[in-house]
Structures are given as C-alpha cells and as structure tokens.
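Trainee: Just passing along the structure, written as structure tokens.
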Amino acid sequence: MATAEMFLKTQRAAEALGVSASTVKRWVDQGMIQAARTQGRHRLIPLSEARRLAREQGLGFAKLEALVELGVEPVRGVDDRVLDLLEGHLREGRVRKGRALIESIYDSGASAVDLGDKVIRPVMARLGHAWQVGSIDVYQEHESTAAVGSALAELVARQDSGAEADGPLALGATPAGDPYTLPGLLCELVLREAGWRVRNLGVNLPLGSLASAVVEHRPKLVFLSVNFLVEPARFAAEFAALEAAVSSTRAGLIVGGRALDADLRTRLVYASHGECMAHLAEFANRIAGDRPAAGPASNQAP
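Residue numbering for the sequence shown follows our numbering, starting at 1052 and increasing by one per position.
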C-alpha cells in the first residue's frame, strides 16, 4: 500500500529548511516547489518536495527527519484512526510521539479550530472519561495533559514568530482557582493563526487583575475560559467589574468553559458565549475589522 503524502504549512517547511517563510512562498510562486492549496488559499508543501529541494540546495532538514525517526505516521485529514492513535500514544506514555503527532496533524493542513475541536477536545474527553471510570490512573491523565500542552505551546511559539506587529490585540485568562491550561493555549493558537496579537495571561488569575490588564492594554477582544469554580456566586460578583472594564474599552468579551452552566450564565453579561474553538474564531472574525467592537450585550433575552 502506498504511503500517504505528508503536507507542510509554509512556516513549518521554512523552519525545516532553515529559510524564511517568505523565501518558501517565493519558491512556490516561482515554481521551484510544487504546492497544493487549502480552501483558504494557504500553501501546503508536500514533504517529498521539501526533501527534494533540501537535497538540491544543500539545505538542512533535521527537524522533520526527527519526526520520521520517531515513527510518526504522515497525517492527511482527521478521522477516528488518528484519534485512536493519539489516544494510544498518550495513554501509554509515549509523550514524544504524542507531541509529534499533534504537530504533524497541524502541519499537514488542519486549522487551529479543527485541531482543537476535532482532535484535542475529543481525545482529552476520552482520557478524562477513562480516568473517571478507573481504566487509567490520574498520573496518566496529568501526563497526557502536559504532553498536549507542550505541543500546543510549541505551535503557539511558531505562530508568534511570524505574527503581524499591527494585528488587533486579544487578551485572556482563566479565573482564580481554575488550573486548566489547554483551553487558553487553544484560544491563543486560534487567534494567532487568524492574525491577532495575543496576551495569554495564563491560569488562576483574579478577575480584578484581568480587568486591570484590560484597562491598561485596551484589547479589541477579551476571552475567558472557565472550567472550574470554587465559589460561583463570588465569581459572578467579580465578573461584573470585569464586564464594566471591558465595556469601557469597547472590547468584545467572549466566555466559555464547562463551569459556566445555564444558571450561572443568566447572571452574567457578555458579548458572546463559545462552546468550541469554531465559535471563538467566528466571533474574532466578526470584530476584527477596523470598526470598534460592539459593547458587551446582555446574554439574556430582552
């Protein structure tokens, strides 16, 4: 059976070849490298083409060859086989292979939204359920989370290196008591991929401090991931001050996370509630234009 071709995004190909992304784009436009295009017209470089050019030009190719040595299979699209493979790597402690597979999925053309909603979310849900029913130990769940977080941090760093200095600013965090890092990293990756500058203030941040950051830095978008709350009533009271700060800067406020149940959401005022990364991407796209973002509106029906 023929091996599926692996495709690389421009930035990944540039890193592997040791040249700039603009150089790779120029080579594609000049016909030096054959490339496919995504629906969004982004270039996808076949691995075989990148290897050919590396040989002809005497360029290095160490990073991607290291993935081959790890035995990570080329990935084209996301299906149950890919999810099973990633879950297996993480369950069995094959951390390097798990991280490499996540990067391979992204480098092969998956968007940050698809990586979050179609890969990371379902695989981590499987592992969380496995821990709850006792088929894996808590250390395995923690190790898996750390591995996924490491892979996402690497992808975020890559996006950061190619970020536009004049992109709109997004700012976000998780509230006090919430230790979950993956949602914030995924939000950052989705936004950076879409051209936003992002200040991810991390986990366990008091909402008062987040409000101060909003006033000082005046972002166009504020994201808050809420997956664990110790005192929901206190959170709701402190959230009002955050909303006031966001409203004063005319930023757009999007909230999400499993701790925001229907009852709690009726006590909050925000511009949008996101249940997945696709909702964040749509909201960010809606307010990314030059016009000021609409002030936060109540989520309650008039």
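For each residue, glycine too, the CB sits at the ideal point set by N, CA and C.
1. When DSSP labels each residue in this structure, what does E1124 get in the three-state scheme?
2. Any idea which residues DSSP pairs H1324 with across the strands?
3. For Y1321, count the other beta carbons within 10 Å of its own beta carbon; 16 or more makes it buried, fewer makes it exposed. Which is it?
4. At the level of alpha carbons, what is the spacing between R1316 and G1307?
5. Considering only residues of the same chain and omitting the five flanking positions on each side of A1047, which have a CB-CB separation below 8 Å?
6. Helix, strand or coil for A1335 per DSSP?
7. Any chance you could list the beta strand (DSSP E) runs of at least 3 consecutive residues sitting entirely within the stretch 1145 to 1232, in chain order?
8. Identify which residue in G1218, V1277, G1228 and M1057 has its Cα closest to the Cα of W1354.
9. How would you call E1205, buried or exposed, if buried means at least 16 neighbouring beta carbons within 10 angstroms?
10. Are the CB atoms of M1175 and C1238 nearer to each other than 9 Å?
11. Verify whether the separation of the beta carbon atoms of F1274 and L1319 is less than 9 Å.
12. Among all the DSSP beta bridges, which residues are the ones paired with K1060?
13. How big is the Cα-Cα spacing for V1189 and A1224?
14. If you count every other CB in all the chains shown that lies within 10 Å of the CB of T1089, and 16 or more means buried, which is it?
15. Whose C-alpha, out of H1193, R1209, L1236 and L1137, is nearest the C-alpha of D1158?
16. Going by the CB atoms, is the gap between N1336 and A1245 shorter than 9 Å?
17. For the beta strand (DSSP E) holding F1274, just list the boundary residues, first then last.
18. Can you list, in chain order, the residues of its chain with a C-beta nearer than 8 Å to that of V1265? Leave out the 5 residues immediately preceding and following it.
19. What residues are listed by DSSP as bridge partners for A1087?
20. Does the beta-carbon of H1140 have 16 or more other beta-carbons within 10 angstroms, so that it is buried, or is it exposed?
21. Apply the 10 Å Cβ neighbour rule to A1339 and answer buried if 16 or more other Cβ atoms are within range, or exposed otherwise.
22. Can the beta-carbon of S1162 be found closer than 9 Å to that of Y1231?
23. Per DSSP, what kind of secondary structure is V1297 in: helix, strand or coil?
24. Assign S1195 to one of two classes, buried (16 or more other C-beta atoms within 10 Å of its C-beta) or exposed (fewer than that).
25. Tell me which same chain residues have a C-beta within less than 7 Å of the C-beta of P1270, skipping the five on either side of it?
26. DSSP three-state label for R1269, please.
27. Mind checking V1079: buried by the 16 CB within 10 Å criterion, or exposed?
28. Taking the beta carbon of E1154 as the centre, do at least 16 other beta carbons fall within 10 Å, making it buried, or is it exposed?
29. Taking buried to mean at least 16 other C-beta atoms within 10 Å of its own C-beta, is V1207 buried or exposed?
30. Run through DSSP, which three-state label would R1318 get?
Mentor: This is what the structure gives:
1. For E1124, the predicted structure reports a pLDDT of 48, less than 50, and the residue's modelled location is therefore unreliable. A value from the coordinates is still provided. Here DSSP, grouped into helix, strand and coil, assigns E1124 to coil.
2. DSSP links H1324 through a beta bridge to V1306.
3. When all chains shown are included, Y1321 counts as buried.
4. Taking C-alpha positions only, R1316 is separated from G1307 by approximately 10 Å.
5. The requested residue 1047 is not part of the displayed model; the chain covers only 1052 to 1353.
6. Reduced to three states, the DSSP call for A1335 is helix.
7. The qualifying runs are 1220 to 1224.
8. With the chain covering only 1052 through 1353, there is no way to say anything about residue 1354.
9. By the neighbour-count rule (16 or more Cβ atoms within 10 Å), E1205 is not buried but exposed.
10. Not in contact: M1175 and C1238 (Cβ atoms no closer than 9 Å).
11. At least 9 Å separates the beta-carbon of F1274 from that of L1319.
12. Paired residues: L1095.
13. V1189 and A1224: Cα-Cα distance of roughly 25 Å.
14. T1089 sits exposed, since fewer than 16 C-beta atoms from the chains shown fall within 10 Å of its C-beta.
15. Of all alpha-carbon atoms in H1193, R1209, L1236 and L1137, the one lying nearest the alpha-carbon of D1158 is that of R1209.
16. For A1245 and N1336, yes; Cβs fall inside 9 Å.
17. From DSSP, the beta strand (DSSP E) with F1274 extends over L1272 to S1276.
18. Listed in chain order, the non-local C-beta contacts of V1265 below 8 Å within the same chain comprise L1222, V1273, L1293, A1296, V1297, T1300 and A1302, local neighbours out to five positions each way being set aside.
19. Partner(s): L1095.
20. Under this definition H1140 is a buried residue.
21. Per the 10 Å Cβ criterion, buried.
22. No.
23. Three-state DSSP puts V1297 in a helix.
24. In summary, S1195 is buried, with 16 or more beta-carbon neighbours lying within 10 Å of its beta-carbon over all protein chains present.
25. Cβ neighbours of P1270 beyond the five flanking positions: L1220, A1221, L1222 and A1302.
26. R1269 carries a coil assignment under DSSP once its states are collapsed to helix, strand and coil.
27. So V1079 ends up on the buried side.
28. With 16 or more other Cβ atoms within 10 Å, it is buried.
29. With 16 or more other Cβ atoms within 10 Å, it is buried.
30. Here R1318 sits in coil by DSSP.
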